[in-house]
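By the count of the numbering used here, the sequence shown reaches residue 171 at its end, each step adding exactly one. Where is the CB? At the ideal position from N, CA and C, for every residue including glycine. Owing to the predicted nature of the structure, the values given are computational and were not obtained by experimental measurement.
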Amino acid sequence: MPKLPQPALPSPNYEQFITLYQQLGQHIVTAMQRLSELHLQLGRELLSDLSDNHGRWLAGKDAGLYSPTLEPWQHYQQQLIDILSMAHSNMLQTTHEHLTALERSMEQTGKAASNAVPRASVQTTVATSATHH
């Protein structure tokens, strides 16, 4: 079996990226669910208003008195802003937390690698000079 090359980043860093993407995906799914619920709620409210106004119009009452209200739309707009703001905030916080942890991890990995590189280059230099002499 051929030996696979070592990744540039140690596997814990890959795991951190995967966890980050999973959590961001979960925030997106949650926001989409809330948006779907909001759209259904708006649809129900608009149909209810339409039904009420249509019934009044058929009963011969003045339809002008029963024009659709802006309340469902105002409620929808406020809820939409809340959902999108919360999703944005959650995604920013999650990204910040994960990237900060990843940065620390990479710094530690870099320090460990920089400590290992001089020793390896010294050993290579000694081995090379020994074979040429």
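Which of helix, strand or coil DSSP assigns to residue i
i      : result
THR107 : coil
LYS149 : helix
VAL164 : Low local confidence applies: a pLDDT of 44 at VAL164 is under 50, so the model's placement there is unreliable, with the coordinate-based value given in what follows. VAL164 falls in the helix class under three-state DSSP.
Residue i and residue j closer than 8 Å at C-beta
i      : j      : result
THR138 : LEU62  : no
PRO110 : GLU75  : no
ARG72  : ILE121 : yes
THR107 : ASP90  : no
LEU58  : TYR114 : no
LEU126 : GLN54  : Here the sequence assigns His to residue 126, which means Leu is not the residue at that position. Cβ atoms of HIS126 and GLN54: not closer than 8 Å.
Residues of its chain near residue i, where Cβ-Cβ distance is below 8 Å and the 5 sequence neighbours each way are ignored
i     : result
LEU85 : none
ASN51 : LEU140, SER143, MET144, THR147
Any chain C beta carbon closer than 8 Å to residue i
i     : result
LEU85 : Looking for chain C here will not work: only one protein chain is present.
Cβ neighbours of residue i in the same chain (closer than 6 Å, five flanking residues each side left out)
i      : result
ASN128 : HIS65
MET70  : none
GLN117 : LEU76
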